[in-house]
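In what follows, a single structure is set out as structure tokens and then discussed.
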Amino acid sequence: MKLLQQNYFILTISALLIILGLVVANTYLAFIITFILFVFALLNKKQGLLILVLIVSTRPFLTEMNPGYVIIGDLVIFGLLLRTFYDSRKNIKSLFSFHPFEWAFFAFILIGTVSALITGVGIAALITQIRAYVLFYIVFYVAKRMVFQERDVRQFAITTFIMAIILSLQGYVEKISDKTMLMPKAWTEWYLSYTNHIRIYSLLKGPNELSLFLIIAFILALYLLFRTSNIKYKVLIYMGLSIVGAAILLTYSRGALLCLAVFIPVYLLISRKLKQLIPVLLVAIISAGIFVGVNQAADYYYDNVLYSDEDNEDFVDPDEMEEDEETTGNKGNHGSDRFKGAFSEDTIEQSKSAGRIYYVDRAIAIFKDYPIIGAGFATFGGAATLKYSSPIYEDYDITRNFYSDNQYILILAETGVVGVLMLFALIVFLGIFVWKRRKHYFSPLMIFLFLSVIVGGMVYNILENDSFMFYFFATLGLAFQYKDLKE
Numbered sequence: 001m002k003l004l005q006q007n008y009f010i011l012t013i014s015a016l017l018i019i020l021g022l023v024v025a026n027t028y029l030a031f032i033i034t035f036i037l038f039v040f041a042l043l044n045k046k047q048g049l050l051i052l053v054l055i056v057s058t059r060p061f062l063t064e065m066n067p068g069y070v071i072i073g074d075l076v077i078f079g080l081l082l083r084t085f086y087d088s089r090k091n092i093k094s095l096f097s098f099h100p101f102e103w104a105f106f107a108f109i110l111i112g113t114v115s116a117l118i119t120g121v122g123i124a125a126l127i128t129q130i131r132a133y134v135l136f137y138i139v140f141y142v143a144k145r146m147v148f149q150e151r152d153v154r155q156f157a158i159t160t161f162i163m164a165i166i167l168s169l170q171g172y173v174e175k176i177s178d179k180t181m182l183m184p185k186a187w188t189e190w191y192l193s194y195t196n197h198i199r200i201y202s203l204l205k206g207p208n209e210l211s212l213f214l215i216i217a218f219i220l221a222l223y224l225l226f227r228t229s230n231i232k233y234k235v236l237i238y239m240g241l242s243i244v245g246a247a248i249l250l251t252y253s254r255g256a257l258l259c260l261a262v263f264i265p266v267y268l269l270i271s272r273k274l275k276q277l278i279p280v281l282l283v284a285i286i287s288a289g290i291f292v293g294v295n296q297a298a299d300y301y302y303d304n305v306l307y308s309d310e311d312n313e314d315f316v317d318p319d320e321m322e323e324d325e326e327t328t329g330n331k332g333n334h335g336s337d338r339f340k341g342a343f344s345e346d347t348i349e350q351s352k353s354a355g356r357i358y359y360v361d362r363a364i365a366i367f368k369d370y371p372i373i374g375a376g377f378a379t380f381g382g383a384a385t386l387k388y389s390s391p392i393y394e395d396y397d398i399t400r401n402f403y404s405d406n407q408y409i410l411i412l413a414e415t416g417v418v419g420v421l422m423l424f425a426l427i428v429f430l431g432i433f434v435w436k437r438r439k440h441y442f443s444p445l446m447i448f449l450f451l452s453v454i455v456g457g458m459v460y461n462i463l464e465n466d467s468f469m470f471y472f473f474a475t476l477g478l479a480f481q482y483k484d485l486k487e
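Heads up: the sequence shown begins at 1 in this note's numbering, then just goes up one per residue.
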């Protein structure tokens, strides 16, 4: 409790200010609050990192409720960077000390930028894409030049865990209410396919992003669990883990489960800590029970409250509609259909004509025309093309709103052979970095993040996932100086 009382004052003020901006919903007030948080980060980098936890875990919700928050994360990170420059004013040389994987990362950014300029990508689109890749690298740049104590690590873990519980509970309400409560009005009006409607999106506005964030928080909570002997704290952590675990199941995220399926055996092989599976299995059983309970509550609300016969005489039960007119709704909660249908003939055929397989084919076609350094950033299914489209889409029969959902084909198309080689070098250098720190007490999270970048890249544009990349770079920054931490 002393830890919370002594070190969470600024964080609490920050949270209250952010909430004030949501309640008042005035754009100019949001700008003022953003500037105040920028000052907090400028004055204290550790508090700035904690403030970023609040922001990255809720940013889609914040910007939906108040557009004035659009640069809140960017400005806080800029404050951290300025303070780093100031702290190193007597040792300028330290600002230009880089790990080999950083040099590979810089080369990757340079290749994508140069090829984009050659292709004719607009400056605004190019800046948008570079920002998506570089913004959270700055967190690593700052963190590796900071001095951490174990108390700071616990604060980071506690803050993340609390935010995960909040997002999980909100997700329960979202699920039970059939996306009609505790969500921005615009979100309640989404038209989603059945298999997506049954998933929880929470304040991150995406089940895949949410699932990865919750898994990260889960691992951080295990760190807290294994490093405390206080029974009351252990009980509270177990309760929180169970809540978060059930929310992970409610996201029905195939990609996140794939990352876990790779991480668990690899980590156990490296650490050989089989005893750590016991509390995880206990939590998994409780989480499964909560998962079933939430689904049953959702079915009850759907049948007896939201669409009761008395209040909706003209309502047509989705189960009575023809299969080709499948609608949204919680009815039945057949989440297993999402996994069973992943490799069905219909899914594969649709993917060939307008899905993942089709866009892999398009990426290969672009690669054949731009084999050396690719077509450049902001040309193929990234963050920038959603906003600005691409100068080459018409040539390859690609629709404007396309998102690649595969980091590897995006890199192949946008940076060619040279970019792929830089990515390979980046993975190798990072792998060496992680392996040397495999006995660090933060290694479970570090190993999960490293493996998830590799595995998740097959099904996500993982380098553009803000919450994931924040933890990826923040954890690397912490691990960079692990020898100086109390073991």
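Backbone N, C-alpha and C define an ideal beta-carbon position, used for all residues, glycine too.
Residue range of the unbroken alpha helix (DSSP H) whose run includes residue i
| i | result |
| --- | --- |
| H197 | Y194 to H197 |
| R254 | R254 to S271 |
| V247 | Strictly speaking, residue 247 in this sequence is Ala, with Val absent from that position. Element bounds for A247: I231 to L250. |
| D303 | Run containing D303: none; DSSP gives neither H nor E here. |
| S390 | That residue, S390, is in no alpha helix (DSSP H); it is neither H nor E in DSSP. |
| I92 | Run containing I92: none; DSSP gives neither H nor E here. |
| Q155 | E150 to I176 |
| I226 | This sequence places Phe at residue 226; Ile is not what is there. That run of the alpha helix (DSSP H) goes P207 to F226. |
| E64 | R59 to M65 |
| E464 | Careful: E464 lies outside any alpha helix (DSSP H) and carries neither H nor E. |
| V114 | P100 to T119 |
| S452 | S443 to G456 |
| S14 | F9 to V24 |
| I364 | R356 to D369 |
| R400 | Note, R400: premise wrong, no alpha helix (DSSP H); not H, not E. |
| E414 | Q407 to K436 |
| Y69 | Element bounds for Y69: n/a, residue is neither H nor E. |
| T27 | T27 to L43 |
| T188 | K185 to T188 |
Buried or exposed by the 16-neighbour rule on C-beta atoms within 10 Å, applied to residue i
| i | result |
| --- | --- |
| I18 | buried |
| P184 | exposed |
| S193 | exposed |
| M181 | exposed |
| I373 | buried |
| L274 | exposed |
| A375 | buried |
| A186 | exposed |
| M239 | exposed |
| I348 | The pLDDT assigned to I348 is 44, lower than 50, so where the model puts this residue is not dependable, and the model offers no usable value. |
| T113 | buried |
| F218 | buried |
| V121 | buried |
| L225 | buried |
| E394 | exposed |
Cβ-Cβ distance between residue i and residue j below 8 Å
| i | j | result |
| --- | --- | --- |
| G73 | L52 | yes |
| A297 | I158 | no |
| Y137 | F105 | yes |
| S467 | E189 | no |
| I278 | Y359 | no |
| L135 | I71 | no |
| T61 | K205 | According to the sequence displayed, residue 61 carries Phe and not Thr. Contact: yes. |
| V455 | N406 | no |
| L241 | V283 | yes |
| S404 | L212 | no |
| F148 | L421 | no |
| T128 | A383 | yes |
| I447 | Y267 | yes |
| L54 | M146 | no |
Cut-off 7 Å between Cβ atoms - residues of its own chain near residue i, not counting five sequence neighbours on either side
| i | result |
| --- | --- |
| Q6 | Residue placement at Q6 is poorly supported in this model, since its pLDDT is 49, which falls under 50; the coordinates still yield a value, given next. Contacts found: none. |
| F101 | L426, F429, L430 and F433 |
| Y471 | I216 and L449 |
| L386 | N401 and Y403 |
| A116 | L126, G376, F377, A378 and T379 |
Contacting residues, own chain, Cβ-Cβ under 6 Å from residue i (five flanking each side not counted)
| i | result |
| --- | --- |
| A474 | V139 and A143 |
| L11 | L50 |
| A41 | G48, V76, G79 and L80 |
| L111 | Residue identity check: residue 111 is Ile in the sequence provided, not Leu. Once the five neighbours on either side are set aside, the close Cβ partners of I111 are I373, T415, V418 and G419. |
| I13 | none |
| L476 | F140 |
| M469 | F136 |
| R438 | I270 |
Cβ-based neighbour list, residue i, same chain, cut-off 8 Å, excluding 5 preceding and 5 following
| i | result |
| --- | --- |
| T489 | Limits of the chain in this structure are 1 at one end and 487 at the other, which puts residue 489 out of reach. |
| E174 | M181, L182, M183, I200, Y201 and S202 |
| S168 | S202, L214, I243, V244, A246 and A247 |
| L306 | S177, D178 and T180 |
| Y388 | G122, A124, A125, T128 and A378 |
Inset, instruction - Count the CB pairs spanning the stretch 360-370 and the stretch 401-418 that are closer than 8 Å, and state whether there are at least three. - result: yes
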